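Numbering (the UniProt record's numbering), first residue to last: 1 to 173. Just below is one structure, and these are the notes that go with it.
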């Protein structure tokens with residue numbers, strides 16, 4: 001899920017004043033400033049205001065905030081569980097029952113303008129592959145970018161033969 005204009009949802013907890021934006025200057029009062037009621041992109045308070053707004057909303061809907069990670073929210077419905085992870089304006093969630101997914105989508109769309117991104121395939125530099133055999137993660141894309149950056153994309157290989165009688169042993173420390 002991606003929240004559209006997320007930073008514009010959070011109410012300001014402190015007084016912040018801004019100049020009138022270019023193109024919207026009141027010709028009768030050009031020197032007046034505006035007091036913000038809601039956060040704007042670019043304000044240092046905007047990310048926190050958004051997080052507080054979202055956090056309070058989820059808690060009001062029965063979610064518990066993680067004690068170690070305050071961006072993790074959990075709710076249980078009988079034997080089923082819904083886990084929600086927040087990263088700025090991106091929301092990743094997992095569930096044990098597909099019905100919880102639809103309920104969560106509806107819950108979020110009731111309050112915020114959002115777009116669904118589909119099944120999670122990439123997040124925070126990690127590629128994710130989900131299959132019946134399990135969930136597999138890797139950083140192949142990142143690794144490739146590092147190889148390109150350092151000019152190491154050409155493969156140099158050389159056979160070193162086989163050492164007869166060589167036996168490798170695992171040593172545990």
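Ideal placement from N, C-alpha and C gives every residue a C-beta, glycine not left out. Bear in mind that the values here come from a model prediction, so they are computed numbers and not experimental data.
Cβ-based burial, residue i [other Cβ within 10 Å; buried from 16]
| i | result |
| --- | --- |
| residue 24 | exposed |
| residue 9 | buried |
| residue 1 | buried |
| residue 91 | buried |
| residue 143 | exposed |
| residue 14 | exposed |
C-beta contact flag for residue i and residue j at 8 Å
| i | j | result |
| --- | --- | --- |
| residue 4 | residue 123 | no |
Helix, strand or coil at residue i [DSSP, three-state]
| i | result |
| --- | --- |
| residue 152 | coil |
| residue 35 | strand |
| residue 115 | strand |
| residue 143 | helix |
| residue 68 | coil |
| residue 97 | coil |
| residue 109 | helix |
| residue 102 | helix |
| residue 132 | coil |
| residue 123 | strand |
Distance between beta carbons of residue j and residue i, contact taken as under 8 Å
| i | j | result |
| --- | --- | --- |
| residue 127 | residue 149 | 18 Å between Cβ atoms; not a contact. |
| residue 73 | residue 88 | Incorrect: roughly 15 Å between the Cβ atoms, too far for contact. |
Same chain, Cβ closer than 7 Å to residue i, five either side skipped, listed in chain order
| i | result |
| --- | --- |
| residue 111 | 57 |
| residue 94 | 83 |
Close Cβ partners of residue i (< 6 Å) along its chain, the five nearest in sequence each way excluded
| i | result |
| --- | --- |
| residue 237 | Beyond the ends of the chain as shown, which are 1 and 173, falls residue 237; an answer cannot be given. |
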